[in-house]
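Working notes for the structure below.
2 protein chains.
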Amino acid sequence: MTERISDAEHAVMEVLWKRAPLTATEVADQVVQQKDWSLQTVKTLLSRLAAKAVVGTERDGRRFLYSPLVERDDYLTGVSRNFVDRLFGGKVMPLVAHLAEADELSADDIREIEELLRELKK
Amino acid sequence: MTERISDAEHAVMEVLWKRAPLTATEVADQVVQQKDWSLQTVKTLLSRLAAKAVVGTERDGRRFLYSPLVERDDYLTGVSRNFVDRLFGGKVMPLVAHLAEADELSADDIREIEELLRELKK
DNA sequence: ACAATGAAACTACAGATGTAGTCACTGACG
DNA sequence: CGTCAGTGACTACATCTGTAGTTTCATTGT
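Chains A and B are the protein sequences, given in the same order. The letter at position 98 of the first sequence is residue 112 when you use the numbering used here, and the numbering goes up by one with no holes. The letter at position 30 of the second sequence is residue 44 when you use the numbering used here, and the numbering goes up by one with no holes.
See below:
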């Protein structure tokens with residue numbers, strides 16, 4: 015049921031998740047610092063997101079204010095589960111194991127994660 | 015530099031990663047148990063993968079034998095890094111934290127990961 | 001030698017995606 | 001009051017993806 019968000023759209027969402035509501039121009043100003051896109055491109059992405067009801071629009075005089083309609087957390091949960099399911103058979107352990115073996119985990123990372131897990135077991 | 019592999023193509027790759035080389039028909043036989051695709055669809059996917067040099071072809075008389083040219087591990091590393099970079103700022107901890115908060119981690123999962131980390135620190 | 005079979009090659013086609021351009025309208029400015 | 005700049009709406013268009021169908025060629029059994 016969760017609407018699909020493409021990579022390009024995701025960059026726009028990140029801006030809105032950081033602060034909202036924003037006008038299209040404000041969003042574009044932020045996005046352009048990351049991606050080399052034109053204002054029109056950002057507007058198109060906002061329209062598509064609005065069409066999918068992933069962002070909401072609120073009229074403000076001549077322009078619109080855009081706000082996310084889905085929580086970043088919910089989105090992350092969805093894509094994370096999907097990712098782990100597709101690539102690691104739904105188990106997180108193999109993912110962590112893989113990252114570790116690929117040297118994507120520093121000693122500090124490991125310490126941080128251990129502490130986090132200790133907290134969780136409270 | 016790592017060639018993009020689409021979702022559908024990935025399903026085909028999983029079969030080849032399990033066993034290779036295989037003929038197109040053999041691959042399709044496996045894939046069809048998971049996805050409800052026609053033989054032609056699987057052949058198309060194999061062709062696209064071959065065009066991208068993600069699988070290699072070896073003539074065997076009248077037909078071809080297909081084998082993966084990229085290691086599953088390398089592929090996983092690439093997509094995992096990309097995933098963690100895009101969604102969690104490149105840090106694994108927030109990912110684990112997120113999964114934990116979203117109740118995607120069972121107590122068993124946590125124990126397993128802890129043990130894994132302990133091993134790693136050796 | 002010929003017809004049926006099976007496999008690769010080529011073609012198809014709609015929907016999603018990335019990346020804009022252009023049009024029309026409206027309020028602000030001179 | 002006429003012009004311009006900002007804004008949303010609509011249009012564009014090449015690729016990529018998912019999902020096949022059709023054509024062609026070689027092989028194999030009769």
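Every residue, glycine too, gets a C-beta built ideally from N, C-alpha and C. Because the structure is a prediction, the values reported are computed rather than measured.
(request) Tell me whether alanine 114 of chain B is buried or exposed, calling it buried when 16 or more other Cβ atoms sit within 10 Å of its Cβ. (result) Counting Cβ neighbours within 10 Å, alanine 114 of chain B comes out buried, since at least 16 surround it.
(request) Would you check if there are 3 or more beta carbon pairs closer than 8 Å linking the region 24–40 of chain B to the region 49–63 of chain B? (result) Touching, yes, given that three or more Cβ pairs across the two stretches are closer than 8 Å.
(request) Would you mind telling me which residues of chain B sit closer than 8 Å to methionine 107 of chain A, beta carbon to beta carbon, in chain order? (result) Taking a Cβ-Cβ cut-off of 8 Å, the neighbours of methionine 107 of chain A in chain B comprise Asp123, Glu126, Ile127, Leu130, given in sequence order.
(request) Quick one: give me the first and last residue of the beta strand (DSSP E) that valine 69 of chain A is part of. (result) Per DSSP, the unbroken beta strand (DSSP E) holding valine 69 of chain A starts and ends at 69–74.
(message) Could you give the first and the last residue of the continuous alpha helix (DSSP H) run that contains leucine 130 of chain B?
(response) Annotation for leucine 130 of chain B: the continuous alpha helix (DSSP H) segment containing it runs 121–135.
(message) Rounded to whole angstroms, what is the Cα-Cα separation between arginine 76 of chain B and asparagine 96 of chain B?
(response) Whole-angstrom Cα-Cα distance: 40 Å.
(message) Can you tell me which residues form a DSSP beta bridge with leucine 79 of chain B?
(response) Partner(s): B:Glu72.
(request) Return the residues of the region 57–88 of chain B that lie within a Cβ-Cβ distance of less than 8 Å from chain A, sorted by chain order. (result) Cβ proximity to chain A below 8 Å picks out Asp87 from the region 57–88 of chain B.
(message) Just list the residues that DSSP pairs leucine 36 of chain A with in beta bridges.
(response) Note: leucine 36 of chain A sits in a beta bridge opposite A:Tyr80.
(message) For chain A, check one thing: does any of its Cβ atoms lie closer than 8 Å to the Cβ of leucine 90 of chain B?
(response) Interface annotation, leucine 90 of chain B: in contact with chain A, CB-CB separation under 8 Å.
(request) Classify serine 120 of chain B as buried or exposed, calling it buried when 16 or more other Cβ atoms lie within 10 Å of its own Cβ. (result) Serine 120 of chain B is exposed by the Cβ-count criterion.
(request) Compare the C-alpha of tryptophan 31 of chain A against each of A:Lys105, A:Tyr89, A:Val106 and name the closest. (result) The shortest C-alpha separation from tryptophan 31 of chain A is found at A:Tyr89.
(message) Assuming alanine 116 of chain A is part of the alpha helix (DSSP H), what are its boundary residues?
(response) First-last for alanine 116 of chain A: undefined, no H or E at that position.
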